[in-house]
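First the structure, in the form of structure tokens, and then the observations on it.
Number of protein chains: 2
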Amino acid sequence: MAEQEKPTANRLLKSLSEESWRTLSPYLEEDELRHRESITVPNEPIEHIYFVERGLLSVVAPGPAGRRAEVGLIGYEGMSGAPAILGLETSPLDTFVQRPGSALRIRRENLRRCVQEDHALKESLLKFMHIMTTQTAYTAFANAHGRLEERLARWLVMYHDRVDGDELPLVHEFLAMMLAVRRPGVTEAVHNLEGHGVIKARRGNVTIVNREGLIEKAGGFYGQPEAEYNRIFATQPETAKV
Amino acid sequence: MAEQEKPTANRLLKSLSEESWRTLSPYLEEDELRHRESITVPNEPIEHIYFVERGLLSVVAPGPAGRRAEVGLIGYEGMSGAPAILGLETSPLDTFVQRPGSALRIRRENLRRCVQEDHALKESLLKFMHIMTTQTAYTAFANAHGRLEERLARWLVMYHDRVDGDELPLVHEFLAMMLAVRRPGVTEAVHNLEGHGVIKARRGNVTIVNREGLIEKAGGFYGQPEAEYNRIFATQPETAKV
DNA sequence: AGGAAATTGTCCGCTAGCGTACATGACTTC
DNA sequence: GAAGTCATGTACGCTAGCGGACAATTTCCT
Numbered sequence: 053m054a055e056q057e058k059p060t061a062n063r064l065l066k067s068l069s070e071e072s073w074r075t076l077s078p079y080l081e082e083d084e085l086r087h088r089e090s091i092t093v094p095n096e097p098i099e100h101i102y103f104v105e106r107g108l109l110s111v112v113a114p115g116p117a118g119r120r121a122e123v124g125l126i127g128y129e130g131m132s133g134a135p136a137i138l139g140l141e142t143s144p145l146d147t148f149v150q151r152p153g154s155a156l157r158i159r160r161e162n163l164r165r166c167v168q169e170d171h172a173l174k175e176s177l178l179k180f181m182h183i184m185t186t187q188t189a190y191t192a193f194a195n196a197h198g199r200l201e202e203r204l205a206r207w208l209v210m211y212h213d214r215v216d217g218d219e220l221p222l223v224h225e226f227l228a229m230m231l232a233v234r235r236p237g238v239t240e241a242v243h244n245l246e247g248h249g250v251i252k253a254r255r256g257n258v259t260i261v262n263r264e265g266l267i268e269k270a271g272g273f274y275g276q277p278e279a280e281y282n283r284i285f286a287t288q289p290e291t292a293k294v
Numbered sequence: 053m054a055e056q057e058k059p060t061a062n063r064l065l066k067s068l069s070e071e072s073w074r075t076l077s078p079y080l081e082e083d084e085l086r087h088r089e090s091i092t093v094p095n096e097p098i099e100h101i102y103f104v105e106r107g108l109l110s111v112v113a114p115g116p117a118g119r120r121a122e123v124g125l126i127g128y129e130g131m132s133g134a135p136a137i138l139g140l141e142t143s144p145l146d147t148f149v150q151r152p153g154s155a156l157r158i159r160r161e162n163l164r165r166c167v168q169e170d171h172a173l174k175e176s177l178l179k180f181m182h183i184m185t186t187q188t189a190y191t192a193f194a195n196a197h198g199r200l201e202e203r204l205a206r207w208l209v210m211y212h213d214r215v216d217g218d219e220l221p222l223v224h225e226f227l228a229m230m231l232a233v234r235r236p237g238v239t240e241a242v243h244n245l246e247g248h249g250v251i252k253a254r255r256g257n258v259t260i261v262n263r264e265g266l267i268e269k270a271g272g273f274y275g276q277p278e279a280e281y282n283r284i285f286a287t288q289p290e291t292a293k294v
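Here it is, written out as structure tokens:
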């Protein structure tokens, strides 16, 4: 089966071999991703694993005093709940719908069964897990070194990668939470980026005007995990055709 | 084989089933961990995977302008080069010896063969990979929210977890690099912690005086990945006996 | 012992971003 | 179209930590 024929927009699923797809597909069901819906609750059993088709998931590390920081962003290129591949029931991290859309989902037990009988499937999914780890590592890096404006720019580009179109429905308050900074700080940084003409901001919306310029504004903090994704999934024969 | 009998101090290896140990052990060779030795070079083939027995490895994300930030710390509880389990040849991250010691190491191709024929072995090692991801996620969290003193305290406790004794041979310059902060900032934070009597600092050395107090000084940033490790590896029958 | 090197202590002005509060503007609801 | 809610703009004093420089100290090497 050529990947174009697989009835999904998920890049990870599309990269699977025909056989792996046959293993998995009977258990996949279409599901809507509703705004702010919780996909996995920290330390509670993961029920479903989601292969995103449209929309965005955020993975967040919850800490003391209700503080949180985003450690991962998942779009149509990936899946939620990676620990489930390893047979783990839970994870301390929190995953929720950040931008509504849709996904193919599978029950944890079924995924578990699939990856146990289909080794190649397991390998593919684990490779995505590596990408997520890389993303998290570079988020730690950016948090340590990056200025607010750079981190914001990085984040906007990462968001842009994962959705159609240049209009990102976002409010400052939410950005502040994701970046673990103060809301007026975001307002100021948005103004600066807009002043440089790389984005255009309206109430509840950021539009990417000049993606390349925005990447420059990210000051070198964008790109490493993305390069890793392309490196790894480009060597899969099924994606090489894209 | 009771785990106590396995000739290794590595907690991950000790947690393996008798069978998995038999799969792996023929390929393991003792190796010295020399100070600052490079264990894996970013984007170059991983040659060996190290199961640490004594000493410490640091995993670092290298970024533009020679900037770097630590995203993982590995002692006798873990292993280096997790991506190799997945069949990946390389990783963008850097691993080096932070504190000299010794390890059992295995060639990447051999590890790969072992995990392909021994499913349970693969599962165990992958579970450690999950721990590393969790550690990285909470490093990102601490980098985003924590003050320098809190991050330093967290780091010292994590170091303390992974070595024998309370004497940590450390210079401020190095701590500054790990935490991605300015060296005099470390000096000041060390003084503060010493002023509270939780550590004692001498040239090239930090001694843990009051571990519990130090954890408090970490302001809630220490503990989540460690809890996850204990949760996951305590359910392994082999470690339950310890 | 004497000089070199490494490590730590300290100081300066500076900046990013905080915490807080409040005002303005925009969209929604009835 | 009035009231209410949500989102954004802005201001102010404050603090942590920066960048850089330099001095003091300890250890190492010869």
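Protein chains in written order, with the numbering used here: chain A, 53 to 294; chain B, 53 to 294. Heads up, the beta-carbon is just placed ideally off N, CA and C, and yes, glycines get one too.
Length at least 3, wholly inside the stretch 116 to 159 of chain A: the beta strand (DSSP E) runs in chain order
120 to 126 and 146 to 159
What are the start and end residues of the beta strand (DSSP E) that includes Val-112/A?
What you label residue 112/A is simply residue 60 of the first sequence in a count that begins at 1. Taken as a continuous stretch (DSSP letters only), the beta strand (DSSP E) holding Val-112/A covers 100 to 114.
Could you name the residues of chain B that His-182/A contacts, counting a contact when the two beta carbons are closer than 9 angstroms?
Taking the first sequence and counting its residues from 1, one reaches residue 182/A at position 130. Residues of chain B passing the Cβ test: Ala-134, Pro-135, Leu-138, Leu-140, Ser-143 and Met-181.
Stretch-stretch touch, CB-based, cutoff 8 angstroms, three pairs: the stretch 250 to 263 of chain A with the stretch 210 to 220 of chain A
yes
State the start and end residues of the unbroken alpha helix (DSSP H) segment that holds Arg-254/B.
Taking the second sequence and counting its residues from 1, the one referred to as residue 254/B is at position 202. Premise fails: Arg-254/B lies in the beta strand (DSSP E), 251 to 254, not in any alpha helix (DSSP H).
Given a threshold of 16 other Cβ atoms within 10 Å of its Cβ, counted over all protein chains shown, does Ala-172/B qualify as buried or as exposed?
Stepping through the second sequence from its first residue, residue 172/B is reached at position 120. With fewer than 16 neighbouring CB atoms inside 10 Å of its own CB, Ala-172/B falls in the exposed class.
If we cut at 8 angstroms on Cβ distances, does Arg-157/A have a partner in chain B?
Here residue 157/A corresponds to residue number 105 of the first sequence, with the count starting at 1. With respect to chain B, the C-beta atom of Arg-157/A has no partner C-beta closer than 8 angstroms.
Go through its chain and collect everything with a Cβ distance to Arg-199/B's Cβ below 6 angstroms, but skip five positions before and after it.
Within the second sequence, residue 199/B is the residue found at index 147, counting from 1. The same chain holds no residue with a CB closer than 6 angstroms to that of Arg-199/B once the five nearest residues on each side in sequence are set aside.
In three-state DSSP terms, what is Leu-85/A?
By one-based count along the first sequence, residue 85/A stands at place 33. It is a strand residue.
Locate the alpha helix (DSSP H) running through Asn-244/A, then write down its first and last residues.
Translated into positions along the first sequence, residue 244/A becomes position 192. It spans 235 to 247 - the alpha helix (DSSP H) in which Asn-244/A sits, taken as one unbroken run.
Applying the 10 Å Cβ sphere with the 16-neighbour rule, what's the burial state of Ala-194/B?
By one-based count along the second sequence, residue 194/B stands at place 142. Buried.
Return yes when the Cβ of Leu-204/A is within less than 8 angstroms of the Cβ of Thr-147/A, no when it is not.
The sequence position of residue 147/A within the first sequence is 95, counting from 1. The sequence position of residue 204/A within the first sequence is 152, counting from 1. No, the Cβ-Cβ distance between Thr-147/A and Leu-204/A is not below 8 angstroms.
May I ask you to list the residues that DSSP assigns as paired with Thr-92/B?
Here residue 92/B refers to the residue found at position 40 when the second sequence is read from its first residue. BP columns for Thr-92/B point to Thr-147/B.
Could you check whether Pro-116/A and Gly-272/B sit closer than 8 angstroms to each other, using their CB atoms as the reference points?
Here residue 272/B refers to the residue found at position 220 of the second sequence. Here residue 116/A refers to the residue found at position 64 of the first sequence. Cβ atoms of Gly-272/B and Pro-116/A: closer than 8 angstroms.
At the 8 angstroms Cβ level, is Phe-193/B part of the contact set with chain A, yes or no?
Along the second sequence, one-based indexing puts residue 193/B at 141. Output row for Phe-193/B: interface = yes.
Opening and closing residue of the alpha helix (DSSP H) in which Asn-195/B lies:
Against the second sequence, residue 195/B aligns to sequence position 143. First-last of the alpha helix (DSSP H) with Asn-195/B: 171 to 197.
Rounded to a whole number of angstroms, what is the C-alpha to C-alpha distance between Arg-300/B and His-100/B?
Absent from the structure is residue 300/B, since the part of chain B shown begins at 53 and ends at 294.
Three-way DSSP call (helix, strand, coil) for Val-258/A in this model:
For the purposes of this step, residue 258/A is taken as the residue at position 206 of the first sequence. Reduced to three states, the DSSP call for Val-258/A is strand.
Continuous alpha helix (DSSP H) stretch holding Lys-58/A: start and end
Indexing the first sequence from 1 puts residue 58/A at position 6. First-last for Lys-58/A: undefined, no H or E at that position.
Quick check on the burial criterion: 16 or more other C-beta atoms within 10 angstroms. Buried or exposed for Gly-150/B?
Position 98 of the second sequence, counting from 1, holds the residue named residue 150/B. A small correction: the amino acid at residue 150/B is Gln; Gly does not occupy that position in the sequence shown. Buried.
Please work out which residues of its chain come closer than 8 angstroms, Cβ to Cβ, to Pro-144/B, disregarding the five sequence neighbours upstream and downstream, and give them in chain order.
As a first step, residue 144/B must be located in the second sequence, where it is residue number 92. Excluding sequence neighbours, Pro-144/B sits near Pro-94, Asn-95, Ala-113 and Pro-114.
Give the secondary structure of Leu-163/A by DSSP, where H, G and I count as helix, E and B as strand, and everything else as coil.
Counting from 1 along the first sequence, the entry for residue 163/A is found at position 111. In the structure shown, Leu-163/A sits in a helix (DSSP, three-state: H, G or I).
Residues in its own chain within less than 7 angstroms of Ser-132/A by CB, not counting five upstream and five downstream?
Position 80 of the first sequence, counted from the start, is the residue given in the question as residue 132/A. Within the same chain, Ser-132/A has close Cβ partners Ile-91, Thr-92, Ile-101, Tyr-102, Leu-109, Ile-126 and Thr-147.
Beta-carbon proximity check, Val-167/A vs Ile-137/A, cutoff 8 angstroms
Locating residue 167/A in the first sequence gives position 115, counting from the first residue. Locating residue 137/A in the first sequence gives position 85, counting from the first residue. Cβ atoms of Val-167/A and Ile-137/A: closer than 8 angstroms.
C-beta atoms of Ala-270/B and Val-209/B nearer than 8 angstroms
Start at 1 with the first residue of the second sequence, and residue 270/B comes out as number 218. Start at 1 with the first residue of the second sequence, and residue 209/B comes out as number 157. Cβ atoms of Ala-270/B and Val-209/B: closer than 8 angstroms.
Buried or exposed for His-182/A, please, with buried defined as at least 16 other CB atoms from any protein chain shown within 10 angstroms of its CB.
To locate residue 182/A, count along the first sequence from 1; it is residue 130. Around the Cβ of His-182/A, a 10 Å sphere holds 16 or more other Cβ atoms; the residue is buried.
Is Gly-272/A close to chain B? Criterion is C-beta to C-beta, closer than 8 angstroms.
As a first step, residue 272/A must be located in the first sequence, where it is residue number 220. Proximity of Gly-272/A to chain B, defined by a Cβ-Cβ separation below 8 angstroms, is satisfied.
Using CA atoms only, rank isn't needed, just tell me which of His-87/B, Leu-65/B, Asn-62/B and Val-123/B is closest to Leu-231/B.
Taking the first residue of the second sequence as position 1, residue 231/B is located at position 179. Of the residues His-87/B, Leu-65/B, Asn-62/B and Val-123/B, the one whose Cα lies closest to the Cα of Leu-231/B is Val-123/B.
Please classify Glu-280/A as buried or exposed, where buried requires at least 16 neighbouring CB atoms within 10 angstroms.
In the first sequence, the residue the question calls residue 280/A occupies position 228. It is buried - the Cβ of Glu-280/A has at least 16 other Cβ atoms within 10 Å.
I need the straight-line Cα distance from His-87/A to His-212/A, nearest angstrom please.
Residue numbering aside, residue 87/A sits at position 35 when the first sequence is read from its first letter. Residue numbering aside, residue 212/A sits at position 160 when the first sequence is read from its first letter. Distance between the alpha carbons of His-87/A and His-212/A: 18 angstroms.
Starting from the beta carbon of Gln-276/B, find every residue of chain A whose beta carbon is closer than 7 angstroms, and list them in chain order.
Against the second sequence, residue 276/B aligns to sequence position 224. Residues of chain A passing the Cβ test: Pro-144.
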